[in-house]
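Chains as they are written, first to last, in the working numbering: chain A, 1 to 367; chain B, 368 to 614. To start, the structure itself, in structure tokens.
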């Protein structure tokens, strides 16, 4: 135990004295969450929208009011006739035109269903889609306020965005950023720190000491477990206090799963360090074999459902994919153990597999 | 020397595929002796040391260190030896004091002993003033002396030095050897590899390794007489040439 403490102390010294390591550990989570939260969000704010109001009654005014007062739209003007529609988009600013049918209020009050036409600029299909979803959300709100007046539902909504009604992008990014950061800190940094000892020759001295190889490795990764955990907490706290991302489920459960994911990532890092002889190799291997799949194939940036079939199959062996599913479920849906146990078992399986692999590899190297 | 040997090596072999890095070597080292392990680069010195200290498993042959078998008792061996590797082996981003504390801790010394040892060591090396300096700010000669003292921190019976003086100027080498002598005078057995032939003269006995085999073994004088040479350089060149003829 004394050995262990002496060694862990040394490891913390390494980390705390290297400004670059510190920057990655503390700066990265903050920078990433701000970057994804503010800059690379796929949500749209203040989209210019034009209104062709053939109704000019209470209902159309209320809906227009709701749209314009929301943060998603801004009023770019009114159209007077359908003829103006074509040229409405030519200003290059207008993203959508909303057309209210005549006598909207009368129809609704008499209990009839009415259609509101949404014409979106689909030169950017993603934006168009998002805007249509926003309007649907607003109309759904409008429905609700009608329900309070105990009227039947009259504006038909086809889709409803569950769990994230305002479609805020940052909700999806938080679990993804946690996954990436934990991979980065736990896997990449441990693999580099172990290979550094090999490169410097200190590993040989350690192996010649009474410390057992297993002890050396565990003592080396302990600080990274602590720091990864700290990073996860930083991201969750920033998500909550800067972007208002809730943790609807059990925080304890979320942190336990994060710990499991950290252990998994560490075993991957150790595995890489048994193969790589130099820090550069370890860095490249981690980037290619861990970071890239974690970013591209985990569903963090690109939805898995919209990937081509072969990539969907491959995404199954990307551990981050399962972690992100669990984290989203706990954070946004408030799911408990009974809904996530399958994914947890998968993660556990990965972790055991990689630990077994690295123990085997490590032994071979010592022969 | 009628004492029991502290190191016994019999027919030790390390093969990598068909290449025999260490090819059937046998020798004894006695307590308190400075045993020089000489040879050109790639002659198999480091491979032999790595087997003796329990880092690598031999392909065949027998050896005991301080009475412990190198196959079965590697953990016990590791406790009774010190090792200083070819590459500089202290942590450069830790201070002198922190390095001493770390290795003291790794070798299982208690807090009081570590403290006592630290002061002793700093006095002995006259480095008190620099105790909180980072290792990477120190001159190479200092680092080497410090690495040696740190490898001796748990007062091992035998210390293995793998080319400890590589790349160091002659004056520092001289000083380094004074440390070795001091340790030997206190009864520590020194097992040192080098390819500096002048250092060979400092050893009690030397073994000359050529192509994985031991080509000569004895005191410096015995070797010089045996190979009819005036100094160790000549001995080495003659032995190396025979080695080539043997191939």
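Cβ atoms here follow ideal geometry from the backbone N, Cα and C, with glycine treated the same way. Since this is a predicted model, take the numbers as computed values, not measurements.
Min CB distance residue i to chain A below 8 Å
i	result
residue 464 of chain B	no
residue 456 of chain B	yes
residue 569 of chain B	no
residue 385 of chain B	no
residue 450 of chain B	yes
Exposure label - residue i; buried when at least 16 CB within 10 Å
i	result
residue 131 of chain A	buried
residue 421 of chain B	buried
residue 599 of chain B	buried
residue 356 of chain A	exposed
residue 491 of chain B	exposed
residue 534 of chain B	exposed
residue 403 of chain B	buried
residue 204 of chain A	buried
residue 468 of chain B	buried
residue 237 of chain A	exposed
residue 91 of chain A	exposed
residue 313 of chain A	exposed
residue 317 of chain A	exposed
residue 595 of chain B	exposed
Top-ranked residue by Cα proximity to residue i, from the options
i	options	result
residue 519 of chain B	B:595, B:417, B:451 and B:477	B:451
residue 298 of chain A	A:308, A:222, A:319 and A:129	A:319
residue 12 of chain A	B:492, B:567, B:399 and B:465	B:465
residue 371 of chain A	A:89, A:143, A:123 and A:196	Absent from the model: residue 371 of chain A. The displayed extent of chain A is 1 to 367, so no value can be given.
residue 26 of chain A	A:260, A:226 and A:219	A:226
residue 50 of chain A	A:95, A:30, A:56 and A:36	A:95
residue 83 of chain A	A:197, A:99 and A:314	A:99
residue 33 of chain A	A:242, A:53 and A:18	A:242
residue 252 of chain A	A:301, A:305 and A:335	A:335
residue 396 of chain B	B:432, B:427 and B:415	B:432
residue 186 of chain A	A:3, A:24 and A:6	A:24
residue 408 of chain B	B:579, B:588 and B:394	B:579
residue 569 of chain B	B:577, B:583, B:543 and B:513	B:543
residue 560 of chain B	B:488, B:438 and B:453	B:453
residue 426 of chain B	B:532, B:386, B:588 and B:566	B:386
residue 470 of chain B	A:249, A:4 and A:341	A:4
residue 29 of chain A	A:178, A:63 and A:240	A:178
residue 254 of chain A	A:233, A:134 and A:68	A:233
residue 77 of chain A	A:52, A:263 and A:117	A:52
CB contact check: residue i to chain B, cutoff 8 Å
i	result
residue 7 of chain A	yes
residue 361 of chain A	no
residue 10 of chain A	yes
residue 3 of chain A	yes
Cβ separation of residue i and residue j, assumed to be a contact under 8 Å, to the nearest whole Å
i	j	result
residue 268 of chain A	residue 290 of chain A	6 Å
residue 458 of chain B	residue 210 of chain A	Not quite, the Cβ-Cβ distance comes to about 18 Å (not below 8 Å), so this is no contact.
residue 499 of chain B	residue 462 of chain B	5 Å
residue 101 of chain A	residue 115 of chain A	7 Å
residue 231 of chain A	residue 283 of chain A	With 8 Å as the limit, residue 231 of chain A and residue 283 of chain A do not qualify as a contact, their Cβ atoms being about 19 Å apart.
residue 124 of chain A	residue 55 of chain A	Between residue 55 of chain A and residue 124 of chain A the Cβ distance is about 29 Å, and since that is not below 8 Å, they are no contact.
residue 278 of chain A	residue 190 of chain A	Not quite, the Cβ-Cβ distance comes to about 15 Å (not below 8 Å), so this is no contact.
residue 73 of chain A	residue 47 of chain A	5 Å
Inset, instruction - Note down, in chain order, all residues in the region 190-216 of chain A with a beta-carbon under 7 Å from any beta-carbon belonging to chain B. - result: 200, 201, 202, 204, 205, 207, 208, 209, 210 and 211
request  = Could you name the residues of the region 17-29 of chain A whose beta carbon sits closer than 8 Å to any beta carbon of chain B, in the order they occur along the chain?
outcome  = 17 and 18
Going along the region 459-490 of chain B in order, which residues come within less than 7 Å of chain A, judged by CB to CB distance? 460, 461, 465, 468, 469, 472, 473, 474 and 475
Problem set entry | Interface residues of the region 418-445 of chain B facing chain A [CB-CB below 8 Å] | 420, 421, 422, 423, 424, 442 and 445
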